[in-house]
Each structure stands twice: as C-alpha cells, then as structure tokens.
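J.: Protein chains in written order, with this note's numbering: chain A, 1 to 341; chain B, 342 to 969. Okay, handing you the structure first.
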Amino acid sequence: MATEALPQLKAKDFASDQEIRWCPGCGDYAILAQVKKVMPELGIPREKMVFVSGIGCSSRFPYYMNTYGFHTIHGRAPAVATGVKVANPELTVFIVTGDGDGLSIGGNHLIHAIRRNLDVNILLFNNRIYGLTKGQYSPTSEHGKKTKSTPMGSVDNPLHPLSIAIGAEASFVARTIDRNVQHMADVLRRAAAHKGTAFIEIYQNCNIFNDGAFLYSTEKDQKDDTTLYLEHGKPMIFGKERNKGIRLNGLNPEIVTLGEGGIKEDDLLFHDEQLAEPSLAYMLSRMRYPEFPEPMGVLRSVDQPKFDEEMVAQVKDAKAKRGEGKIADILNEGDTWDVAE
Amino acid sequence: MTMPQGVQERTTVTIRFAGDSGDGMQLTGTQFTRTSAIFGNDISTFPDFPAEIRAPAGTLAGVSGFQVHFGSEELHTPGDEVDTLVAFNPAALKTNVDDVRDGGMVIVNEDSFGATDLKKAHYDSNPLEDGSLDKFRLIKVPATKLTQEALKDSPLGNRDKDRCKNFFALGLISWLYGRPLHAVEEWIDQKFGKNPDVASANRTVLHAGHAYGETCEFFEHTYHVSKAKLPPGRYRRISGNEATAIGFIVAGRLAGKDVFYGSYPITPASDVLHVLSRYKHFDVKTFQAEDEIAAVCSSIGASFAGDLGITGTSGPGLALKGEALGLAVMTELPLVVLNVQRGGPSTGLPTKTEQADLFQAMYGRNGECPMVVIAANSPADCFDTAVEACRIAMQHMVPVNLLTDGYIANGQEPWAIPDPDKMAPIVVKHPGPVKTSSGNGNGNGNGDVEPPLFKPYLRDDRLVRPWALPGTEGLQHRIGGLEKADVTGNVNYEPENHEHMIATRQKKVDLIANHIPEQTVMGPEEGDLLVVGWGGTAGALRTAVERVQKQGKSVAHCHIRYLMPFPRNLGDVLKRYKKVLVAELNCGQLRFILRGKFLIDAYGINKVQGKPFLVSELENKINELLSN
C-alpha cells in the first residue's frame, strides 16, 4: 500500500467556520491561537483529534476548532472523554476546562481521570473567577475575594490546580500563562508528546470580571522576580539579575541570593521532572506569590501505565485466552438441559 | 405412571428457605432450584434479602429468604403461598410463617430456638411449644446437632462444621421432593475443589440430611413433581440481570459493535456489571466509574466515538444521571440506560422491588426531553428487551431507558435458548470519509473551509441524524448540549428554531412507533375488562387473568413493553373493553399516563410494599371490578 504524505496543515486549517464569541481582550483568544498553531506540528490529521469540554467560557473552545468536538455538561468533560478514548484509543483527546468546571462541579471526574492516567491532555484555564455566570468567586479565587456573591469577601480557602493534579499523581503536570505565548506553545508541545494524562494549568486573564489577576507574573518590571521558569536538570534560578535561587532547607524551599554567604549554583535545587516520587513537584506546586516565585513549565513528567491502553489490552488478552466470543457460546453457558419432543 | 407407595404427586410446590444472612439460604435455594430445573420442572424464584450484608445474627432485620416455585405446569410467578417453609431460626420463622398456607409444612432447626434466640426474635414464648403453629405441620429437626454428629470425624473446626448445616436442609428437602443429589455434589466439588475438607464435609452433611428424611419417620410420604411440558428445545436457568447482560453482549455482536458499559456499583444492578466484566472476549469494555454521572457520561462519550454505550443503575442513580440524559437527547446519540428499579424514594428499599420509576424514566429531565422507554416482563424476557433497547438506540440515534426491577433481576426462570442463526442483525450505518480537492478533509491548507461541510443534523425520513465517528476524514463536527440549528448542528438560540427542534426531537421518538410491534392481548379482543400492566408484574397478571378466564369471564391481559412511544394501536385496544384496570407496584403512574393520553377512565390496583403482587390479590380485584 502506498503511503501518502500528510498535507502540511497550517493553524488556519484548524479553525472552524464558527464565529468566536469570547469577550474582546479575553485571554482565551491567546490560548486558542497557540493551540491552533501547535496542532499542525503534531502531524496528527484533524479527524483524529477530539476536543471535549464542559461548561463555562473556556468550554466553548471545541466550537472553534476544525476537529471533532463535544461541548458536554458542567464538569463532566473528563468522564465523556474517558468514553471517547476507551472506545477509540487512536484518537488524540484534549479536554478543555476551567477552574469552576474542573475543580468545583467537576472536581471528582478530574481527579479520577488523572489517577487513572487516561491518555488525554487536560487544559485547565484558570482565571480565578466565574465568568459565564457573570462574576462569582471560583474555587481558585483567593481567600477574602470580593465578588457579586461574596460582597464581604469569600471565606473559602482556594484550591491549587497543580497541587490537586500532583496529589492525584498526574504523570504530567505543567503551568503556563496566556501572555507568554512562546512558553505556552512549548508546554503544549510537551503535553501532546506525553503518553498518559497531561495536565496543564493555564493562567488566563478574565478582563471583565477579574482583570489583572495574574499581572504580577506578566508585568515587565515584576515577572522575573515572581515566576520561576523550570528547566529539567537545571538549578532553580530566577530574578531580573538571575541571581536568586531556590534552596532546600530541611523539607522547605527558601529563596537565596547567589554569591551571598558563599552560595553557589550547586547549592540550589536542581529541577528533576522525572522523579518517580511526586514530593518535589508537590513542593513546587505550593510555591506561591507573593512568598515565592511561581513555577512555570513542566513540574512533572513520568511514564506510568495508561488506563485506556490497559483496558484495550485486557480485551486482547481475553480473546487470546478464550478466543473471539461467539453468540452461540454465551447463550449456551451455565446450567442447560434439553426438553425432547 | 404409578407412584411408589408413600409418594404423592403434586403439580406445583412453593418452598421458602429462610434463615440468618449468614446461614447460606440464597445458596440453598439456588441449588435446589438448579436441581429442579435440571430435573425438568418449570421454575420461578424470588430471593428476598436484607440491605445489610450482615445484620446482627438472629435478629429480624438479618433474615434472608429464597422462595422457589417449581412444577409440572407452566409457571409465571414464584408462588403466592408457601407450601413448605424451612426456617433456620426464630427470626426467620417469625418473618415468614404468615406466608405459609394453612396445613403447610414448617420445618425448623430446633437447635436454634434457645432462650436467647427467641429473645432476639422478640418471641415471648417458644412458638415450637406454645401451640401457635398448630395450623401447620411442624417438623422439628435438630439440624445443628445432626450436622456436628455427621462431621465428628471431619478435621474442620466447630464453627466451620456449623456452617455446613444448610446442606443438611438441602439434603432433607431433596429427599422430601425426590430430587437426586448428584447435581449438588458436582457443584460442591467444583466450588470447593481447592478445599477438599470443606467439600467432603458439605457432601457428608448433604447425605446426612437425605438419610435423616428416610429414617426419621416424621414424614408419612414424599412428594413427586413431574417434569413440566415445556416446548422442546434447550433450556437454561437464568436471572434477569444475567439475561440483561447477555442481551447487551449479543446486541453488540449483532451490530458489530464493541460494548462499553459504564456503571457505578448499586443494588440491585451491580450483577450486570459483574457479568459483563467476565466477557471481555466479546469486545466488552466495562468501566467502573467514580460515580453515576461519570458512568453515564463515559457511555455517551463511548457512543460518540462509535461503541455501543450503555450505562446501568437503579433509581437513585438514574436521578443523578438526569442531566447527562438530556445531553444524550440533545446530541441525539445512541445510549441504553438500564434502571433495575428498587423501592424509593431516596435510598428507599435497596433490595426490594418496585415500579415507581416510570415517571422518572418518562419525564425526569429538565426541558422537553423525550426518551424511549421500554420494560422487560420477566427474568428471561430481559434478554429480548435488552437487545431491543440496543437496536432502537443505535438505529434511531436516541437514548433508551430500559426498565427492569429487583424482582425479575434477581428472580430466575428457565429460558428457552434462542437460535443465534435466527437473530436479525442490527444494521448500523456510519457515513464514510469525504475527500475534498485538497485531499485533507474540508480544509484546503489556507484556512478556507471548503464546501461541502458535513451536516451532523441532516435527517433521514425517520428524522434520524447520521452517526459520524471521530476518526472519519472530512466529517469533523462539533456537538453539545446547547440548542442547535437543524441540519448544520450549529449553536442557535432563535425562538422558532428552538420550537422546531423540540418538536423534531419528540416526533423522532414518536416515529419509532412505526418500527415496533403492535400491542397484543392475551384473551378476548374485546370484552368486559382489560387488565393492563408493564414490567415485572407480567407473570402474576397473566396467572390471575387466566384463572378468571377459566371461570368463564370476559377479561384480557395487556402487558405493555413499549412505554415511550406506545404501540400505534394501544389507544384502540384500550377502548375495546368496558373497563380498564391498571396494575402496578407504584401509586398509579402508568394509569395517570393512560388517562391523560387516551382519556380513558382506568381503575388501578397498586401496591408499594417492596414485594411483588400475589396472584390472589389480583384475582380478587379483577372479580370485584367484573361484579360491579
């Protein structure tokens, strides 16, 4: 059989004919643009891709992609995606969700998809607010957040998406941000290449209801001191002058200045995303602004058994052991007896 | 055939084994049923067990029972009245003795009627001695002592020896009803093969029970129940849950589809998950989901990607699935939703039967959200109904509610094994790939979307949309829960469109009536009374109607399998009788619907005790309506 070279697709080929209905200035546009940019690089035909989403602003995403898409119900995208992937493991499945969809109403499905290590990519757009319902606090909103439903400030402690993902022992965990498109594209590529659940938290600005929530991590004069861009095998260095680092003090991270008190690069924590033990990744996920620079990039990337693969393998094994099931066989099992004429 | 001396012929017999949850009553009943089925009797069973796995020993709450009706004629119910009750302790006696007919036999394990046992069962005096059982033939058997005695040389500990005493009862009853022991022995060897001491002890006690019957002189005669005259063919003893699972598997095979079963464990539906999980070599994928919602959602996702998506649950689980069922209606994907009904509301009566989820199946979703609803009539009928549910779901691109109930799910009856060669294939079509000029689907490399765009909601004459599978070139499309424009499937909020889509979704379901059989009745085509039912009450209704028909009265039985849509001729059928009686194990749900839809003045007989109808209570109601 002759193999035909796949035509080289471009970002535009991944655009559907639908008009995009996000608010002008929404961070979702940047994410959509990067996803459309990265998709052609993967060499996967569009018809082999499925975007599954729940409910919320982010979950409109599948309508704008010229792939297969399923805009499901609130919080349930991981469950629907489980069925899609198990029914046809050859499909590349992306789940698009938000902080409300994925961590509030759908928190249960999210952690179970992750702990099963279903081979899907989960993009969680975190804007720390409910946008589509017009501005209530979300499970990632900071304590004391004043919103329409919390005029005196919320009294909830927030969830931290990366900590949740690592707590469920996700095999791939990363963070990126809508305003750093180059970095986002790199993280998307890494996630797509990963086999198993790839969980990405994307900081996303909601310019209507929570504008500037992540400004600290994107403003020119601040971002180098408030973010830590992780590189596998490299020491954890950050800061405008590239002179600050993270060192382990007992079980806790601390910020140190290179050169001060004789501190050298070798004294710093070196990032290892491939550690089987998720403790380092978890510790990183707990480094938060303003006490710490917030890690960006891949926190964890390990190889673990994949749910869909194992499920399909069991079917294959059962057939190898017992032969292809035939209707007559299953009907005639158990206690049977014959009644003569 | 001449009977040996001391043997009396019986047409049908109902035996109930009752004891503590830990006494092995389900096993004893099942083995006796198995023996009877293999012997050639018709059988019908009714296991009745508590929701607690192990309630405190000896208490009323912990009583577990298994009723078996076997006979030489066709049986459709597990029997109204008990001919022989085997009660392993005072609690079992107390909770079951009222169901024994006057003059019936009550066999008790007298060793378990000590002062403490009596107190646990709230007996003030010992019923074995106070004359309260005088209307029965009371047989007191020291089953515990005799079991220990029979096992005095066994290496087992006393506790393990004691656990064999249900086999003593099984041996005794087998002797009393002339059942051979070899089938049970074979089962013991198979079950306890790895533990020869236990196998040997159970065999010994089984024979001891049998020998006790022969020698004890309590019984003036034994009983003989001849083989039933079932139509020729090969039979199999089957429960409703087994038949349902096998139906799903066979439907998958008939359609050439992998079966995806997403489910969360729930009584009394879990057995369907257990059975399916053993048949992976039939391309069955079982997914024990994190909750009921994930179970249905994963099944919807599986259907979207081309599997036969099925989810199974019981009433409370169906309540949780409601929103997702709306999604399946909106996205017009095939889905089968099994509801093995139990007593409600809320957690209700997990192990008891009821038919009170009809409204939920018909209407339990937000918005105008029609779903196909079909119900199985009996344990074996679950097979046909399950296949039919899958056929409708895939051929009409709709979610289907398949209703069974705890009574037929756990009850067993003989099943005339169907001929696979006579089963019609389930023809399912998927649109094929579309190559465009650029050779890469519906784009040309420049972002210009080329016509023809795939139209996911372009319908055929049955209003069925195409089942286009992800992976198919050129058919990329998006579906979802938002209202959509017909044909294109694009999101659309226009008022007229919404009204059009609601009407279309309903009409699509209504049109299925052209693809299902017309309603039939058992009995005269017109007359004084039509007894209408649905689901697991079929056997009791049929038996009751047959009895009244034998009295020469004008009554017919109509059992409705297709509840949404109804068969095309149902309205005409209902109007051909002077009176209509709707019998249901709920407070009148089908009656309400029939009255509303057909404007008929239907009477009701309703029962919500977690128990099936007795034939006698139906018969009385029928006669009452006929005489007024």
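Even glycine gets a Cβ: it sits at the ideal position worked out from N, Cα and C.
#1: At what residues does the beta strand (DSSP E) containing residue 767/B begin and finish?
#2: Looking at the secondary structure, which residues open and close the beta strand (DSSP E) in which residue 294/A lies?
#3: On the three-pair Cβ rule with 8 Å, is the segment 191–206 of chain A touching the segment 24–31 of chain A?
#4: Which full runs of the alpha helix (DSSP H) of 4+ residues lie inside the segment 61–131 of chain A, going along the chain?
#5: Does any CB atom of chain B fall closer than 8 Å to the CB of residue 20/A?
#6: Runs of 3 residues minimum, wholly inside the segment 804–849 of chain B: which ones carry the beta strand (DSSP E) assignment?
#7: Under 8 Å between C-beta atoms, does residue 251/A make it to chain B?
#8: Could you pull the start and end residues of the beta strand (DSSP E) that residue 253/A belongs to?
#9: Considering only DSSP beta bridges, list what residue 682/B is partnered with.
#10: Compare the beta carbon distance of residue 209/A and residue 172/A with 8 Å and say whether it is the shorter of the two.
#11: Identify each residue in the segment 798–825 of chain B for which the Cβ-Cβ distance to at least one residue of chain A is less than 8 Å, and report them in chain order.
#12: Could you work out which residue in 130/A, 78/A, 151/A is closest to residue 141/A when comparing CA atoms only?
#13: Do you know how far the Cα of residue 624/B is from the Cα of residue 323/A?
#14: Output the distance between the C-alpha atoms of residue 113/A and residue 197/A, rounded to the nearest integer angstrom.
#15: Okay, do the segment 374–388 of chain B and the segment 430–441 of chain B touch, 3+ Cβ pairs below 8 Å being the bar?
#16: Alpha carbon to alpha carbon, how far is residue 785/B from residue 9/A?
#17: May I have the straight-line CA-CA distance separating residue 147/A from residue 134/A, to the nearest angstrom?
#18: With 8 Å set as the bound, which would you pick, yes or no: does the beta-carbon of residue 132/A sit closer than that to a beta-carbon of chain B?
#19: For a quick check, are the C-beta atoms of residue 474/B and residue 483/B less than 8 Å apart?
#20: My output table needs one value for residue 20/A: the three-state DSSP class, helix, strand or coil.
#21: I want to know whether the segment 717–736 of chain B touches the segment 862–879 of chain B - three or more CB-CB distances under 8 Å.
#22: For a minimum of 4 consecutive residues, which ranges assigned as the alpha helix (DSSP H) are wholly contained in the segment 206–292 of chain A?
#23: Roughly how many whole angstroms lie between the Cα atoms of residue 258/A and residue 224/A?
#24: Under 8 Å: do the segment 706–714 of chain B and the segment 742–752 of chain B share three or more Cβ pairs, one atom per stretch?
#25: CA-CA distance, residue 188/A and residue 44/A?
#26: Which residues in chain A have a C-beta closer than 8 Å to the C-beta of residue 758/B? List them in chain order.
#27: So with CB distances below 9 Å, who are the chain A contacts of residue 664/B?
#28: Using CA coordinates, which residue listed in 646/B, 591/B, 470/B, 756/B is at the minimum distance from residue 572/B?
#29: Going by other Cβ atoms of all chains shown within 10 Å of its Cβ, with 16 needed for buried, is residue 285/A buried or exposed?
#30: Going by other Cβ atoms of all chains shown within 10 Å of its Cβ, with 16 needed for buried, is residue 152/A buried or exposed?
#31: Thinking C-alpha only, which one of 902/B, 891/B, 866/B is nearest residue 914/B?
#32: If you measure beta-carbon to beta-carbon, which residues of the segment 496–522 of chain B are closer than 7 Å to chain A?
#33: Could you tell me whether the Cβ of residue 16/A comes closer than 8 Å to any Cβ of chain B?
#34: Quick one: residues in its chain with C-beta nearer than 8 Å to the C-beta of residue 882/B, no 5 flanking neighbours on either side, listed in chain order?
#35: With a CB to CB cut of under 7 Å and the five nearest residues on each side skipped, what residues in its chain are close to residue 312/A?
#36: Looking only at its chain, what residues have a beta carbon closer than 8 Å to the beta carbon of residue 265/A, apart from the 5 residues adjacent to it on each side?
T.: According to the data block:
#1: Annotation for residue 767/B: no beta strand (DSSP E) segment contains it, and DSSP assigns it neither H nor E.
#2: If you look at residue 294/A, you'll find it in the beta strand (DSSP E) that goes 294–301.
#3: Enough Cβ pairs lie closer than 8 Å, so yes.
#4: Fully enclosed alpha helix (DSSP H) runs of 4 or longer: 77–87, 107–116.
#5: No, its Cβ sits nowhere closer than 8 Å to a Cβ of chain B.
#6: With a minimum length of 3 residues, the unbroken runs of beta strand (DSSP E) contained wholly in the segment 804–849 of chain B fall at 819–821.
#7: Chain B, which has no Cβ nearer than 8 Å to the Cβ of residue 251/A, makes this no.
#8: Segment 252–257, the beta strand (DSSP E) holding residue 253/A.
#9: Under DSSP, residue 682/B takes part in a beta bridge, and its partners are 746/B.
#10: Not closer than 8 Å, so no.
#11: Flagged, chain order: 810, 811, 812, 813, 814, 815, 816, 817, 818, 819, 820, 821, 822, 823.
#12: Residue 130/A is the option with its Cα nearest to residue 141/A.
#13: Linking residue 323/A to residue 624/B through their CA atoms gives a straight-line distance of about 11 Å.
#14: Distance between the alpha carbons of residue 113/A and residue 197/A is about 8 Å.
#15: No: fewer than three Cβ pairs fall under 8 Å.
#16: Note that residue 785/B has pLDDT 46, beneath the 50 cutoff, so the model's placement of it is unreliable and no number is given.
#17: The straight-line gap from Cα to Cα measures roughly 10 Å.
#18: Under the Cβ criterion of 8 Å, residue 132/A is not counted among the residues facing chain B.
#19: For residue 474/B and residue 483/B, no; Cβs fall outside 8 Å.
#20: Coil.
#21: With a cut-off of 8 Å, the segment 862–879 of chain B and the segment 717–736 of chain B count as touching, because enough Cβ pairs lie within range.
#22: Complete alpha helix (DSSP H) runs here, min 4: 223–226, 279–285.
#23: Approximately 15 Å between the Cα atoms of the pair.
#24: Yes, the segment 706–714 of chain B is in contact with the segment 742–752 of chain B.
#25: Linking residue 188/A to residue 44/A through their CA atoms gives a straight-line distance of about 14 Å.
#26: What residue 758/B touches in chain A: 331, 332, 336.
#27: Near residue 664/B (Cβ distances below 9 Å), the residues of chain A are 73, 74, 76.
#28: The shortest Cα separation from residue 572/B among 646/B, 591/B, 470/B, 756/B belongs to 756/B.
#29: Using a 10 angstroms sphere on the CB of residue 285/A, the tally of other CB atoms reaches 16 or more, which defines it as buried.
#30: Under this definition residue 152/A is an exposed residue.
#31: Comparing Cα positions, the closest option is 866/B.
#32: Those would be none; no residue qualifies.
#33: Interface residue, yes.
#34: For residue 882/B, the CB contacts under 8 Å within the same chain, skipping 5 residues up- and downstream, are 872, 874, 898, 900, 924, 954, 959 in chain order.
#35: Cβ neighbours of residue 312/A beyond the five flanking positions: 89.
#36: So the list reads 235, 237, 245, 258, once near-sequence residues are dropped.
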